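Data first, discussion second: the structure below is written as structure tokens.
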Amino acid sequence: MAMGGVRRDNTPPQERRRRHRGRGSGEADGRPVPQPENPVPEPEINLPPPPNPQPSNPQAPSMDQLIAKQDQMIANQNQLMQAMANLLHA
Numbered sequence: 319m320a321m322g323g324v325r326r327d328n329t330p331p332q333e334r335r336r337r338h339r340g341r342g343s344g345e346a347d348g349r350p351v352p353q354p355e356n357p358v359p360e361p362e363i364n365l366p367p368p369p370n371p372q373p374s375n376p377q378a379p380s381m382d383q384l385i386a387k388q389d390q391m392i393a394n395q396n397q398l399m400q401a402m403a404n405l406l407h408a
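Heads up, the sequence shown is in our numbering, so the first residue is 319 and it goes up one at a time.
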């Protein structure tokens, strides 16, 4: 007896692939895709204009000032950690 399944139709493989591709669209079968007779027009979307960008704050610290402040905070933190370590070992 032969191994394997029995193919019920004699459709060549190219036609089988063509038949199943895009199932449901109608295009793959050669049928035209149905178009509505009176398509509904897309509504116009009126978006408000984008807000004006906020001007930069003239009182904001400069990047150099922020970096100096951060360096000072790190130095203070290191001093605090060292003081805590000294207390633990005292």
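For every residue, glycine included, the Cβ atom is placed at its ideal position computed from N, Cα and C.
All values derive from a computational prediction rather than experimental measurement.
Checklist line | 4-residue-minimum alpha helix (DSSP H) runs that sit fully inside the region 378 to 408, ordered along the chain | finding: 381 to 407
Note to self: Beta-carbon within less than 8 Å of Asn328's beta-carbon, same chain only, minus the 5 sequence neighbours each way: which residues are those?
What the structure shows: none
Notebook entry, point to check: Alpha carbon to alpha carbon, what distance is there between Ala378 and Gln395?
Noted result: 25 Å
Check: Taking the C-alpha atoms as reference points, what is the distance between His407 and Gln400?
Finding: 11 Å
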